[in-house]
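If you count by the working numbering, then the sequence shown holds residues 6 to 364, one letter each, in order. Working notes for the structure below.
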Amino acid sequence: MWNRRRHALTVVAAFLLVLVIGCTSSRDTASAGRGEESGTSLRGEAVTGSRSNGVGRPTIVVTTSILGDVVGELVGDQAEVVTIMPAGVDPHEFSPSAKQVDQIRRADVLIANGAGFEAGLVDVIRAARADGVAVYDAISAVEALTLDDDGHRLSGESGSGHEHDERGTSVSPAVADQGTTVVDPHFFTDPRRMASAVRGISDFVVANVAQLDAASVQARTKAYVAALENLDAELATMFGVIPAERRVLVTNHEVFRYFADRYGFEVVGAVIPGGATADEPSAADLDALARLMKAKNVRAVFADVASSDKLAHALAAEVGGDVRVVELFSESLGGPASGAATYLEMMRTNGQRIVEALR
Ligand SMILES: [Zn+2]
């Protein structure tokens, strides 16, 4: 009996090892598309499996694929960046494996989107905090937008107008949990807000991961913020060709408010009205949105490649005419050849598709 159990444990250990190898090689594949570091990248070659306690490279665990890419840009090869959600998943619906729960709890530091975005990780993150893992919610660094209970935008007032050094005082994720005022978690659709988050993440890892070379991380942060500023300027120029009356967005769920806020688009509605993807709209909701789209002459429904677009197609069919469904990478990166292997690529691809659909 004892031997059999021990054998079973060996099999489990071997299986976990295979998982670890499988996982790290996919991370290598993902970072190979990055260009500047491929070939020499040490990232992903070894999972430390436990807190490093100052020995070897530290492990920074990141929840979403978008933030995993960004954190990799900031720390380079100085840390093991473990991204929990693979490219192409719906972050609202994601559940971690037992191994990933363990990775989160053993992290040197954990970086999350926050505001309830990673619904399936909330309990694990809470447990990691209780275990003493330093956790940073990227949204705590940005000027947040809020929603009411029905998922409608209230205003940018709650959490807005604060200077960078006051961040976190008004948009704590606890607010999102209280129900009355809900912080919209999708800040990453606005590159300027992403730049704020990047500065916040950079300060956090420098303060909490002793093994990092602060000057190097700060230099990389400066370069990446400059890349985000270039991206932002490029997108603003691109959208200039869309006439004002056509700067309207109908999306699969409420994901592009920050984007709309930044580039002067109007969010006419969403197939799934809330800030998550799990709710189902009623037939009356869809009817009302279809009427609104006809009245405003909206010609596209933007759906996320990672979520079901069935309802988006149903809506487009109900509106009729030449309304089409256009896929965007809105909350998860795509694979290596998708045109959305990195955050910068993803935003450019989305921008081009939006221009093609609305110009
Ligand atoms: Zn979402």
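Here a beta-carbon is modelled for each residue, glycine too, at the ideal position from N, C-alpha and C.
In whole angstroms, what separates the C-alpha of residue 292 from that of residue 315? For the purposes of this step, residue 292 is identified with residue 287 of the sequence shown, where counting begins at 1. For the purposes of this step, residue 315 is identified with residue 310 of the sequence shown, where counting begins at 1. The alpha-carbon atoms of residue 292 and residue 315 are separated by roughly 15 Å.
On the criterion of 16 or more Cβ atoms from any shown chain inside 10 Å, does residue 218 qualify as buried, or is it exposed? Counting from 1 along the sequence shown, the entry for residue 218 is found at position 213. Exposed: under 16 other Cβ atoms inside 10 Å.
For residue 134, does the count of other Cβ atoms within 10 angstroms reach 16, so buried, or fall short, so exposed? Position 129 of the sequence shown, counting from 1, holds the residue named residue 134. With fewer than 16 Cβ atoms within 10 Å of its Cβ, residue 134 is classed as exposed.
Does DSSP classify residue 331 as helix, strand or coil? For the purposes of this step, residue 331 is identified with residue 326 of the sequence shown, where counting begins at 1. It is a strand residue.
Under the three-state DSSP convention, the category residue 79 falls into: For the purposes of this step, residue 79 is taken as residue 74 along the sequence shown, with counting starting at 1. Three-state result, residue 79: helix.
For residue 317 and residue 308, believed in contact at Cβ under 8 Å, the rounded distance: Taking the first residue of the sequence shown as position 1, residue 308 is located at position 303. Taking the first residue of the sequence shown as position 1, residue 317 is located at position 312. That pair is a contact at about 4 Å.
Using a Cβ-based criterion (distance less than 7 Å to any ligand heavy atom), does residue 260 qualify as near ligand 1? The residue given as residue 260 occupies position 255 in the sequence shown. It does: the Cβ of residue 260 is within 7 Å (strictly closer) of some heavy atom of ligand 1.
Which of helix, strand or coil DSSP assigns to residue 358: Reading the sequence shown from its first residue, position 353 is the one you call residue 358. Residue 358 falls in the helix class under three-state DSSP.
Should residue 282 be listed as close to ligand 1, given that the test is whether its C-beta is under 7 Å from any heavy atom? Here residue 282 refers to the residue found at position 277 of the sequence shown. Because some heavy atom of ligand 1 lies under 7 Å away, the Cβ of residue 282 counts as near it: yes.
Between the CA atoms of residue 112 and residue 245 - distance to the nearest angstrom: For this step, residue 245 is matched to residue 240 along the sequence shown. For this step, residue 112 is matched to residue 107 along the sequence shown. Roughly 44 Å separates the two Cα atoms.
DSSP state of residue 191 mapped onto helix, strand, coil: For the purposes of this step, residue 191 is taken as residue 186 along the sequence shown, with counting starting at 1. Note: residue 191 maps to coil in three-state DSSP.
I'd like the ranges of any beta strand (DSSP E) spanning at least 3 consecutive residues and lying wholly in the region 100 to 158. 114 to 117 and 139 to 142
Can you give me the Cβ contacts of residue 275 inside the same chain, cut-off strictly under 6 Å, excluding the 5 residues immediately before and after it? In the sequence shown, residue 275 corresponds to position 270, counting from 1. Closer than 6 Å at Cβ, skipping near neighbours: 256, 258 and 259.
Within the present structure, is the beta-carbon of residue 123 separated from the nearest heavy atom of ligand 1 by less than 7 Å? For the purposes of this step, residue 123 is taken as the residue at position 118 of the sequence shown. No - ligand 1 has no heavy atom lying nearer than 7 Å to the Cβ of residue 123.
Test item: CB-CB of residue 195 and residue 267 under 8 Å: For the purposes of this step, residue 195 is taken as residue 190 along the sequence shown, with counting starting at 1. For the purposes of this step, residue 267 is taken as residue 262 along the sequence shown, with counting starting at 1. For residue 195 and residue 267, yes; Cβs fall inside 8 Å.
For residue 99 and residue 248, I'd like the C-alpha separation in whole angstroms. If you number the sequence shown from 1, residue 99 lands on position 94. If you number the sequence shown from 1, residue 248 lands on position 243. Going from the Cα of residue 99 to the Cα of residue 248 covers about 38 Å.
Measuring CB to CB, does residue 116 end up less than 8 Å from residue 147? If you number the sequence shown from 1, residue 116 lands on position 111. If you number the sequence shown from 1, residue 147 lands on position 142. No, they are not a contact pair.
Residue 124 and residue 189 - do their beta-carbons sit closer together than 8 Å? Counting from 1 along the sequence shown, the entry for residue 189 is found at position 184. Counting from 1 along the sequence shown, the entry for residue 124 is found at position 119. No, the Cβ-Cβ distance between residue 189 and residue 124 is not below 8 Å.
Quick check on this structure: which residue in 72, 328 and 283 has the alpha carbon closest to the alpha carbon of residue 299? In the sequence shown, counting from the first residue as 1, residue 299 sits at position 294. Nearest option by C-alpha distance: 328.
Of the residues 131, 110 and 363, which one's Cα is nearest the Cα of residue 301? Counting from 1 along the sequence shown, the entry for residue 301 is found at position 296. That would be 363, whose Cα lies nearest to the Cα of residue 301.
Would a C-beta distance cut-off of 8 Å place residue 95 and residue 311 closer than the cut-off? Reading the sequence shown from its first residue, position 90 is the one you call residue 95. Reading the sequence shown from its first residue, position 306 is the one you call residue 311. Yes. Within cutoff.
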